[in-house]
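For the sequence shown, the working numbering assigns the number 3 to the initial residue and increments by one for each residue that follows. A virtual CB, placed ideally from N, CA and C, is assigned to each residue, including glycine. Because the structure is a prediction, the values reported are computed rather than measured. Notes to accompany the following structure.
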Amino acid sequence: MSTIPQQPKKLFIKTYGCQMNVYDSDRMADALAPHGYMPVQDASDADLIVLNTCHIREKASEKVFSELGRLRILREERRAAGGDLTIGVAGCVAQAEGEEIVRRMPDVDLVFGPQSYHRLPDLLARAGKGTAVVDTDFPEEDKFEHLPAARREVTVARGLTAFLTVQEGCDKFCTFCVVPYTRGAEVSRPIAQVLHEARRLADAGVREITLLGQNVNAYHGLDASGRSVGLGELCYRLAEIEGLSRIRYTTSHPADMTDELIAAHRDLPALMPYLHLPVQSGSDRILAAMNRKHTRDSYLALIERIRAAVPEIALSGDFIVGFPGETDADFEETLTIAAAANYASAYTFKYSPRPGTPAAKLGEQVAEPVKAERLARLNTQIMAQTRAFAEAQVGRTLLVLIEKPGHKPNQLGGRSPYLQAVHMDAPRENPERLIGTIQPVQILGVGFNSLSGRIVTVAELESATHVESQAAMAS
Ligand code: SF4
């Protein structure tokens with residue numbers, strides 16, 4: 003039932019944080035589209051501005067409050083000119099702070115958590131009546147069931163790659179993390195729902211999907227018979243979808259890395275040989291204090307098993323340095339596990355307390371300069387490892403998904419199976435016809451943040467056997 007107003011309204015969503023929030027912002031736009039809201043790129047044009055917030059980064063709430071201060075000024079200007087502006091706060095800061103946002107910023111019309119965005123049209127209808135609407139419940143209903151299918155033209159505009167949320171929430175309760183509190187307990191979407199959305203994306207031209215979940219490999223969606231299906235089986239099913247050439251997923255927990263999922267990496271050319279598997283620390287003492295549910299040895303044994311099944315797999319990790327109580331000796335173990343795991347890349351963070359988490363209440367907080375020095379040392383090591391991994395690709399021929407014209411004329415840009423940006427010389431005639439195809443690219447050089455190479459011709463391919471990593475070459 004459409005309630006499209008005569009004059010379309012303009013929606014601007016500012017997205018902070020992870021890919022899950024990017025996905026959520028797109029779904030909010032989908033939920034509001036039947037109600038006449040069109041996304042715009044410029045906040046100064048918008049009738050409705052939503053800040054889709056993230057609680058992971060340091061001082062996340064303060065950054066949101068200062069952005070809200072700017073929006074208040076924009077609204078005053080708008081009202082002085084006879085117009086208006088509706089302001090909403092969504093995401094994990096909204097979930098964590100709730101009413102506090104309205105208390106500090108009475109100008110906000112709408113505060114809603116990640117479990118409520120399917121109710122956005124209804125919340126919006128209730129907003130603007132003098133009292134802010136706050137919805138941070140964890141509802142019984144499945145929000146995915148209540149969201150409209152993304153409009154085809156919007157999906158196409160999103161390009162060749164897309165995110166697809168399959169799981170939300172987390173039951174692990176790492177002591178530094180707010181996710182179990184802001185996103186709630188683990189919930190998985192039924193397999194039929196995921197396959198339906200993936201088929202729709204593939205039909206709209208998407209070649210690569212990244213399955214999202216706060217703890218994605220804990221996925222346990224039900225099939226039609228009510229059987230619980232793991233992420234490995236889901237990947238086998240997704241790999242059957244015509245047109246879908248590449249599957250990725252993030253973020254995983256080591257404790258949920260099943261044999262079936264490892265076998266899927268071994269068996270499925272579409273499942274990219276790249277695995278983000280956070281370890282957080284190399285010290286058993288700190289891992290226990292973090293409640294990570296794995297040890298240094300169990301983590302290293304796991305990646306040995308994964309590499310035995312899939313030798314070419316590239317690993318990336320997450321690290322937190324300066325967790326409360328971390329000594330120099332603990333930190334040295336973090337450096338040594340990063341080397342032992344031979345990461346191709348990693349995300350590194352300084353610990354900072356998140357209100358409401360157990361670690362925030364611990365004594366023995368590490369001094370800022372010590373954290374900064376440890377972070378710099380770890381970053382130096384990780385950058386060297388990333389560089390070494392990139393240099394190891396020189397001379398190899400990798401299958402690259404061509405995504406766009408390159409930065410320079412006569413160049414194309416794409417991604418390797420390992421998520422590296424690749425720039426290559428384009429064929430002279432109509433190079434853009436290759437966008438959306440997967441091409442064998444011989445890697446010739448390593449730039450600051452990317453690889454460079456050249457597309458290998460069919461004749462060369464026929465005389466060589468050096469294409470690696472992804473057996474199926476789709477066009
Ligand atoms: S597994 Fe990840 S999402 Fe879950 S509590 Fe730990 S860090 Fe947070």
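Chain-ordered, the residues whose CB falls short of 6 Å from any heavy atom of the ligand SF4 come out as 172, 174, 175, 176, 179, 181, 182, 216, 217, 255. Cα atoms of residue 197 and residue 240: separation of roughly 7 Å, rounded to the nearest angstrom. Residue 175 counts as exposed, since fewer than 16 other beta carbons sit within 10 angstroms of its beta carbon. Between residue 264 and residue 311, the gap from beta carbon to beta carbon is short of 7 Å. Classified as exposed, residue 9 has fewer than 16 neighbouring CB atoms from the shown chains inside 10 Å of its CB.
Taking 7 Å as the cut-off, the Cβ atoms of residue 321 and residue 350 count as close.
For residue 267, same chain residues with a beta-carbon under 6 Å away, outside a window of 5 residues either side, are 273, 312 in chain order.
In this structure, residue 219 lies near residue 254, with their beta-carbon atoms less than 7 Å apart. Here the C-alpha atom of residue 419 lies approximately 11 Å from the C-alpha atom of residue 210. Pairing residue 395 with residue 445 gives a Cβ-Cβ distance under 7 Å. For a cut-off of 8 Å, the C-beta gap from residue 180 to residue 57 is around 5 Å, short enough to register as a contact. Within the same chain, and ignoring the five residues on either side of residue 192 in sequence, the residues whose Cβ sits closer than 7 Å to its Cβ are 223, 224.
DSSP places residue 210 within a strand segment (E or B) once states are collapsed to three. Put simply, the backbone Cα of residue 69 is about 43 Å away from that of residue 238. Between the alpha carbons of residue 385 and residue 421 lies a gap of roughly 16 Å. In this structure, residue 352 keeps its C-beta atom at 7 Å or more from the C-beta atom of residue 372. Boundaries of the beta strand (DSSP E) harbouring residue 251: 248 to 252, taken from the DSSP string. A direct Cα-to-Cα measurement between residue 464 and residue 357 gives close to 59 Å. Residue burial is scored here from C-beta neighbours: residue 12 has at least 16 other C-beta atoms within 10 angstroms and is therefore classed as buried. Within the DSSP secondary-structure output, residue 416 pairs in a beta bridge with 404, 424. The three-state reading of DSSP puts residue 430 in coil, since its state is none of H, G, I, E or B.
Excluding five sequence positions before and after residue 88, the CB atoms of its chain that fall closer than 8 Å to its own CB belong to 49, 50, 51, 111, 112, 126, 129, 130, given in chain order. Residue pairing for residue 40: DSSP places it in a beta bridge opposite 12.
Contact annotation, residue 216 with residue 170: C-beta distance approximately 6 Å; criterion of less than 8 Å satisfied. Separation of the CB atoms of residue 233 and residue 405 is rounded to 25 Å, and the pair is thereby denied contact status at 8 Å.
Counting other Cβ atoms within 10 Å of its Cβ, residue 43 stays below 16 and is therefore classed as exposed.
Residue range 440 to 448 is occupied by the beta strand (DSSP E) that includes residue 447. For residue 453, the beta-bridge partners assigned by DSSP are 424, 448. By the neighbour-count definition (other C-beta atoms within 10 Å, threshold 16), residue 28 is a buried residue. Counting only unbroken stretches of 4 or more residues, the alpha helix (DSSP H) elements lying wholly within the stretch 42 to 122 are 62 to 82, 93 to 99, 101 to 106, in sequence order.
A Cβ-Cβ separation of about 37 Å leaves residue 383 out of contact with residue 436 under the 8 Å criterion. The three-state secondary structure of residue 234, taken from DSSP, is helix.
Within the same chain, 423 come within 8 Å of residue 451 by CB-CB distance, once the 5 residues on both sides are set aside.
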